[in-house]
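Asker: Right, I'll just put the structure down here and ask away after.
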């Protein structure tokens, strides 16, 4: 094991941001993959990198869905 990312602390801004699946992609352009766990991203060195604060999702897809626009896109479905 190289590292552990634990968001169970309710004061952690990444707490509750995960969901039922994850994706892996290089979201920050450093040629190392990050873990995209629904409303949050964990960097390759165990740090929280981004969070949308949209919390728990039920579906997540990451890819270059629109090649006419640069960069990765994320599609997700949320409960209300």
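Numbering (my numbering), first residue to last: 121 to 200. We put the CB at the ideal spot given by N, CA and C, even for glycine. Since we're looking at a predicted model, the values are computed, not measured.
1. For residue 151, tell me which candidate among 123, 157, 131 and 165 has the shortest Cα-Cα distance.
2. Across the region 181-189 and the region 134-141, are there enough close Cβ pairs to call them in contact, namely three or more that are closer than 8 angstroms?
3. Provide the residue span of the beta strand (DSSP E) that contains residue 170, from first to last.
4. My parser needs the beta strand (DSSP E) runs of 3 or more residues fully inside the region 132-156; what are they?
5. On a Cα-Cα basis, can you pick out the residue from 134, 133, 167 and 156 that is closest to residue 144?
6. Tell me the rounded alpha-carbon separation between residue 130 and residue 167.
7. Note down, in chain order, each residue of its chain lying with its Cβ closer than 8 angstroms to the Cβ of residue 189, except the 5 sequence neighbours on either side.
Answerer: On the basis of the data shown:
1. The residue with the shortest Cα to Cα distance from residue 151 is 165.
2. With contact defined as three or more Cβ pairs closer than 8 angstroms, the region 181-189 and the region 134-141 are not in contact.
3. Start and end: 168-171.
4. Runs of the beta strand (DSSP E) inside the region 132-156: 143-145.
5. Between residue 144 and the set 134, 133, 167 and 156, the nearest pair of CA atoms involves 156.
6. Taking the Cα positions, residue 130 is about 17 angstroms away from residue 167.
7. Excluding positions up to five away in sequence, the list is empty.
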